[in-house]
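Input: a single structure, listed below in structure tokens.
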Amino acid sequence: MSITGARYIIEFLKRQGVRVVAGIPGGSILPIYDALAETKGIRHVLARHEQGAAFMAQGMARLTGRPGVCFATSGPGATNLVTAIADARRDGVPIVCITGQVPLPMIGTDAFQEVDIVAITASITKLSRRVDSAAELPEALAEAFAVAASGRPGPVLLDIPKDVQCQPVPAQGMPAQAPRDERLPAASGWDISRAAAMINAAKRPVLLLGGGAVRAGAQALRLAVKAAIPATSTLMGLGAIPAGHPLDLGMHGMHGHPCANIALHECDLLIAVGNRFDDRATGDPATFCPEARIIHVNMDASELGRIKPADLGIAADAGQFLEALADLAEPRERRGWLARIRGLKEHAPHLEHDAERTHARAVIAAVAERMEEGAVVVTDVGQHQMFVAQSFPFKAPGRWLTSGGLGVMGFGLPAAIGAALADPSAQVVCFSGDGSLKMNIQELCTLAETGANVKIVVLDNQCLGLVAQQQRLFYNRRSASRYAAGTDFSALARAFGVRGIDLDAQDDPQAALDDALASRGPCLIHVRVDPAAMVFPMVPPGAANTQMLHGHEPRAQATPVERDMPEAVNMA
86 MSITGARYII EFLKRQGVRV VAGIPGGSIL PIYDALAETK GIRHVLARHE QGAAFMAQGM
146 ARLTGRPGVC FATSGPGATN LVTAIADARR DGVPIVCITG QVPLPMIGTD AFQEVDIVAI
206 TASITKLSRR VDSAAELPEA LAEAFAVAAS GRPGPVLLDI PKDVQCQPVP AQGMPAQAPR
266 DERLPAASGW DISRAAAMIN AAKRPVLLLG GGAVRAGAQA LRLAVKAAIP ATSTLMGLGA
326 IPAGHPLDLG MHGMHGHPCA NIALHECDLL IAVGNRFDDR ATGDPATFCP EARIIHVNMD
386 ASELGRIKPA DLGIAADAGQ FLEALADLAE PRERRGWLAR IRGLKEHAPH LEHDAERTHA
446 RAVIAAVAER MEEGAVVVTD VGQHQMFVAQ SFPFKAPGRW LTSGGLGVMG FGLPAAIGAA
506 LADPSAQVVC FSGDGSLKMN IQELCTLAET GANVKIVVLD NQCLGLVAQQ QRLFYNRRSA
566 SRYAAGTDFS ALARAFGVRG IDLDAQDDPQ AALDDALASR GPCLIHVRVD PAAMVFPMVP
626 PGAANTQMLH GHEPRAQATP VERDMPEAVN MA
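Numbering (the working numbering), first residue to last: 86 to 657.
What follows is the structure, encoded as structure tokens:
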């Protein structure tokens, strides 16, 4: 017995365990949508923009660790996926994007909505492939899911011409579940022994946890406690060590905690696990951990030594490495080093110094106090993202979703919808800014239709906050980064069918916040914050992490290029 290629794709997804697919139909993918309509067991979520669909797939994948799936038609449908695909590649998120393509005889004729999406996405996917025959589908689909989830996870794109979707393919022999290579790269006993010896000999070690180690939080904490090693996180690694733990240094880097940046500068051994030594985390790489020997562990061997030379580079799974290392590391007290860490925490400038002006941190704290155990925290990109990263009390690994490497405004709302679809019982809170939310605001309609339990907290400063901050600090004026008119986001949410609350207009804002966060279903909470507020500490681009700014210290004079910038507005 044979079935169409389209039907095979849908049945394959079901057997792979896919229960939700986000997408938008179009002419070149209609056979797949027709097969989907005849099948029970897969819920389709109709996004309002293909970028939103791909970020929904990301939200599902980031929360569960399993590949998320999205559909798009050819041409503009496929190209609208590109930003989300690039984001998934940078942050190591497994998604499978299935795009329709014009029929095989029309390829290369500049047919309506024909685009070579395979060539376009080749540099931003782990695998990008056109399927030229239905006979290829069994192997192509199995490969797509295996590649997306294996090693360092990432995005895969399959481009399937419309006539291929209609070709017959044998139904028998379809695997109950696509085979997956569950083997992960493991550190050798020799490498573990060398790492343990380096830790045992160190006087001032620091454990650095990146996004690749966030699901190995239990093993990391066990090592840190046993060997008395303070731990810091990248933006993507937040939550691996519970916030408030005595050994937790918080986030390091451009907007990191001063104690974390100083401890890294003073350490004599850095155990870096699951990180890439990104420029936002290291500042000037030449000045990062200048006194330290470095152990670098990453699943992707190509990352080892790429930016920072390592004394010991190990291509391994973070959990396996940390578990084995905790077994061999000797118990230590390191009283002098831990006393130094306590002193750094006590005397570092307070992150909350600008709260009186913006109350942005106060709003974040108020939301955090009302969030359920195991809640999912999502952010867009901008000042609000850094405020949350600096001060939110992350307690559980894997429940913090943000766009790190690419920094995509518009990530938050659709990713939050995806997370809520993956775990309908979870409370999902998305912190966004007025600039970021407008990037994919059409997905409020999708949120209303799904009824997903997502609360959106809009910290509205009527500008592109981080852009304006850098302009004020380093250019002495602001150009094209402030909105001329504000937006009534609560009214806009209601127009889309989502409950909207203007928190500033409430007689009892605390009670209104209680009610909004306690109620099931979607809700948008609009809060206006000070457009002049800035996120500190901040490391100037290209500077060392020890050269943190703790307040508004603009340069005395702009360069000739900066003075001649078009549309510039002089700062008062």
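For each residue, glycine too, the CB sits at the ideal point set by N, CA and C.
C-beta contact flag for residue i and residue j at 7 Å
i	j	result
residue 482	residue 307	no
residue 585	residue 536	no
residue 414	residue 281	yes
residue 449	residue 473	yes
residue 343	residue 424	no
residue 661	residue 179	Given a span of 86 to 657 for the chain in the structure shown, any question on residue 661 remains unanswerable.
residue 580	residue 539	no
residue 507	residue 148	yes
residue 384	residue 324	no
residue 133	residue 528	yes
residue 624	residue 339	yes
residue 322	residue 630	no
residue 702	residue 136	In the structure as shown, the chain begins at 86 and stops at 657. Residue 702 is therefore absent and cannot be evaluated.
residue 635	residue 626	no
residue 291	residue 327	no
residue 416	residue 311	yes
Residue i - DSSP class collapsed to helix/strand/coil
i	result
residue 378	strand
residue 352	coil
residue 284	helix
residue 156	strand
residue 552	helix
residue 145	helix
residue 610	strand
residue 540	strand
residue 566	coil
residue 129	strand
residue 633	coil
residue 318	strand
residue 273	coil
residue 108	strand
residue 391	coil
residue 592	coil
residue 559	helix
residue 584	strand
residue 140	helix
residue 338	coil
Nearest-angstrom Cα separation, counted from residue j out to residue i
i	j	result
residue 337	residue 397	22 Å
residue 194	residue 393	48 Å
residue 242	residue 232	11 Å
residue 275	residue 174	32 Å
residue 470	residue 365	14 Å
residue 87	residue 115	20 Å
residue 495	residue 619	21 Å
residue 557	residue 351	31 Å
residue 543	residue 188	44 Å
residue 487	residue 319	12 Å
residue 202	residue 334	43 Å
residue 590	residue 348	44 Å
residue 525	residue 165	12 Å
residue 238	residue 490	14 Å
residue 158	residue 127	19 Å
residue 553	residue 317	28 Å
residue 567	residue 215	43 Å
Close Cβ partners of residue i (< 6 Å) along its chain, the five nearest in sequence each way excluded
i	result
residue 90	219, 222, 249, 250, 252 and 254
residue 404	301 and 304
residue 599	none
residue 287	353 and 354
residue 382	358, 399, 401 and 406
residue 269	402
residue 666	Nothing can be reported for residue 666: it is not among the residues displayed for the chain, which extend from 86 to 657.
residue 500	140, 143, 144, 463 and 486
residue 160	198 and 200
residue 212	232 and 241
residue 176	489 and 490
Cβ neighbours of residue i in the same chain (closer than 7 Å, five flanking residues each side left out)
i	result
residue 410	277, 280, 281 and 308
residue 550	467, 468 and 518
residue 645	Because residue 645 carries a pLDDT of 32, less than 50, the predicted location of this residue cannot be relied on, and the following value inherits that uncertainty. Cβ neighbours of residue 645 beyond the five flanking positions: none.
residue 521	465, 466, 467, 494, 495 and 497
residue 229	181, 212, 241 and 243
Own chain partners of residue i with C-beta closer than 8 Å, once the 5 adjacent residues on each side are dropped
i	result
residue 117	91, 94, 95, 156, 183, 185, 245 and 250
residue 370	362, 364, 392 and 393
residue 530	133, 581 and 582
residue 614	443, 444, 445, 448, 544, 545 and 546
**Report entry** Whole beta strand (DSSP E) elements within the region 173-252, 3-residue minimum
**Finding:** 180-186, 212-215 and 240-246
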